[in-house]
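Enquirer: In my numbering, the protein residues as written are 108 to 492. A virtual CB, placed ideally from N, CA and C, is assigned to each residue, including glycine. Here the structure is a predicted model, which means the values were calculated and not measured.
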Ligand code: SF4
Ligand code: SF4
């Protein structure tokens with residue numbers, strides 16, 4: 108396993124890291140088996156966003172007596188209420204949940220105090236000027252957290268975090284689909300293998316490109332979430348590229364972006380952990396994503412939402428690209444399971460898909476021929492509004 112420095116914090120983390128999805132709702136025995144497999148493979152970096160006390164206790168019990176063996180991203184602003192995960196900025200709840208985290212884990216410090224996701228500018232401004240950041244700074248001053256992080260899916264908010272000077276680690280959703288510059292020019296770029304040589308970023312969304320470069324320049328670490336697009340990129344039928352990438356190719360893509368320190372692989376079985384860790388020993392051919400992406404047929408984009416936003420503005424204000432993205436994420440899990448984070452993101456939309464009046468204006472504007480009216484009806488059905 109290779110280890111990278113987490114930006115300016117100096118903390119050493121395994122470049123392949125583990126997210127906590129696989130621990131959720133599992134017995135202690137299953138959690139322990141997953142954690143032991145990680146440690147065997149040299150994985151020392153874990154993200155634990157879930158405030159479920161049982162998940163936290165399972166993790167703490169499995170790691171008992173081995174605090175030096177792992178580096179943890181523990182989240183601030185997630186709470187467990189009525190058997191459900193919730194995000195909050197209520198400082199009393201934030202404090203209580205964080206103190207429980209330490210208690211449940213049986214530790215007196217967390218390596219990265221990750222302020223749980225802010226995707227809206229206003230939300231991040233509230234964090235910056237309010238008690239949440241003050242609390243995080245106080246924890247850091249007392250050595251209870253070693254660094255301050257922020258998780259976000261928005262490049263704009265990530266930039267604000269960079270500029271704030273207060274955030275040392277950004278947990279960011281990053282993969283070839285999310286990174287791709289929208290529009291026909293990008294499709295052409297994807298056919299050019301040179302765009303993927305030497306970590307060149309041409310073909311990417313400009314704002315994302317700038318974000319990665321700025322983080323690298325300032326020593327702000329990026330830890331990656333959703334490297335497989337929630338599974339979407341591993342399935343030719345679901346991928347916007349209409350070809351399946353392998354987990355190794357997705358990991359390589361993320362790990363070759365500037366500023367990235369580690370990728371949180373979503374693993375549910377010991378075999379999946381071993382396959383992710385095989386990144387360290389696989390051949391260059393196995394992890395070469397450029398061949399797969401560049402050989403995707405151009406027509407494969409037809410009918411698939413590329414999240415480009417060309418369909419805007421919607422007559423009634425629906426953010427069509429976001430609805431489509433959440434719908435794709437909902438479909439990326441098992442048939443009857445929609446990740447809670449996806450549900451929560453959808454619930455935050457100002458205008459749900461059910462408000463669609465089938466006027467069809469968006470379909471005229473979509474360069475990829477997406478059946479948007481059908482998609483809105485499907486999203487309204489899947490999310491219940
Ligand atoms: S529906 Fe079409 S225009 Fe709208 S975001 Fe998706 S691909 Fe772009
Ligand atoms: S039909 Fe399409 S364009 Fe019209 S409101 Fe609904 S999503 Fe928007």
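Where does residue 312 sit, in a helix, a strand or coil, going by DSSP?
Expert: Looking up residue 312 in the chain shown gives position 205. DSSP places residue 312 in coil when its eight states are reduced to three.
Enquirer: Quick check on residue 135: buried or exposed, where buried means 16 or more other Cβ atoms within 10 Å of its Cβ?
Expert: Working through the chain shown from its first residue, we reach residue 135 at position 28. By the 10 Å Cβ count, residue 135 comes out exposed.
Enquirer: Out of 445, 139, 321 and 243, state which residue places its alpha-carbon closest to the alpha-carbon of residue 114.
Expert: On the chain shown, residue 114 is found 7 positions in, with the first residue counted as 1. The residue with the shortest Cα to Cα distance from residue 114 is 321.
Enquirer: Under a Cβ-count criterion, where at least 16 other Cβ atoms within 10 Å of its own Cβ denotes burial, should residue 316 be classed as buried or exposed?
Expert: Position 209 of the chain shown, counted from the start, is the residue given in the question as residue 316. Under this definition residue 316 is a buried residue.
Enquirer: With respect to 7 angstroms, is the separation between the Cβ of residue 416 and the closest non-hydrogen atom of ligand 1 below this value?
Expert: Along the chain shown, read from residue 1 onward, the residue named residue 416 stands at position 309. Checking every heavy atom of ligand 1 against the Cβ of residue 416, one is found closer than 7 angstroms.
Enquirer: Please report how far the alpha carbon of residue 490 lies from the alpha carbon of residue 117, in whole angstroms.
Expert: Stepping through the chain shown from its first residue, residue 490 is reached at position 383. Stepping through the chain shown from its first residue, residue 117 is reached at position 10. Looking at the two C-alpha atoms, the distance is approximately 42 angstroms.
Enquirer: Could you tell me if the beta carbon of residue 473 falls within a distance shorter than 7 angstroms of some heavy atom in ligand 1?
Expert: Your numbering for residue 473 matches position 366 in the chain shown. Yes, the beta carbon of residue 473 sits closer than 7 angstroms to at least one heavy atom of ligand 1.
Enquirer: Mind checking who residue 91 pairs with in its DSSP beta bridge?
Expert: Absent from the model: residue 91. The displayed extent of the chain is 108 to 492, so no value can be given.
Enquirer: Alpha helix (DSSP H) containing residue 348: first to last residue?
Expert: On the chain shown, position 241 is the one that residue 348 refers to. Here residue 348 belongs to no alpha helix (DSSP H), and DSSP marks it neither H nor E.
Enquirer: Is it right to say residue 569 is buried, meaning 16 or more other beta carbons lie within 10 angstroms of its own, or is it exposed?
Expert: Beyond the ends of the chain as shown, which are 108 and 492, falls residue 569; an answer cannot be given.
Enquirer: What is the DSSP secondary structure of residue 101, reduced to helix, strand or coil?
Expert: Since the displayed the chain opens at 108 and closes at 492, residue 101 lies outside it and no answer follows.
Enquirer: Cβ of residue 465 within 7 angstroms of any heavy atom in ligand 2?
Expert: Position 358 of the chain shown, counted from the first residue, corresponds to residue 465. True, at least one ligand heavy atom lies under 7 angstroms from that Cβ.
Enquirer: Give the list of continuous beta strand (DSSP E) stretches no shorter than 3 residues that lie fully inside the stretch 149-226.
Expert: Taking only runs of at least 3 residues, the beta strand (DSSP E) segments lying wholly in the stretch 149-226 are 152-155, 178-183, 185-188, 191-194 and 219-222.
Enquirer: If we ignore side chains and look at the alpha-carbon of each, how far apart do residue 487 and residue 376 end up?
Expert: Position 380 of the chain shown, counting from 1, holds the residue named residue 487. Position 269 of the chain shown, counting from 1, holds the residue named residue 376. Taking the straight line joining both Cα atoms gives about 32 angstroms.
Enquirer: Is it true that the stretch 266-276 meets the stretch 133-151, where meeting means three or more beta-carbon pairs spaced less than 8 angstroms apart?
Expert: Cβ pair count under 8 angstroms is below three, so no.
Enquirer: How do the stretch 326-345 and the stretch 232-249 stand: do at least 3 beta-carbon pairs fall below 8 angstroms, yes or no?
Expert: Cβ pair count under 8 angstroms is below three, so no.
Enquirer: State the Cα-Cα distance for the pair residue 216 and residue 208, rounded to the nearest angstrom.
Expert: Reading the chain shown from its first residue, position 109 is the one you call residue 216. Reading the chain shown from its first residue, position 101 is the one you call residue 208. So the two alpha carbons sit approximately 10 angstroms from each other.
Enquirer: Answer yes or no: the CB of residue 412 versus the heavy atoms of ligand 2, is any distance below 7 angstroms?
Expert: Numbered from its first residue, the chain shown carries residue 412 at position 305. The answer is no for residue 412.
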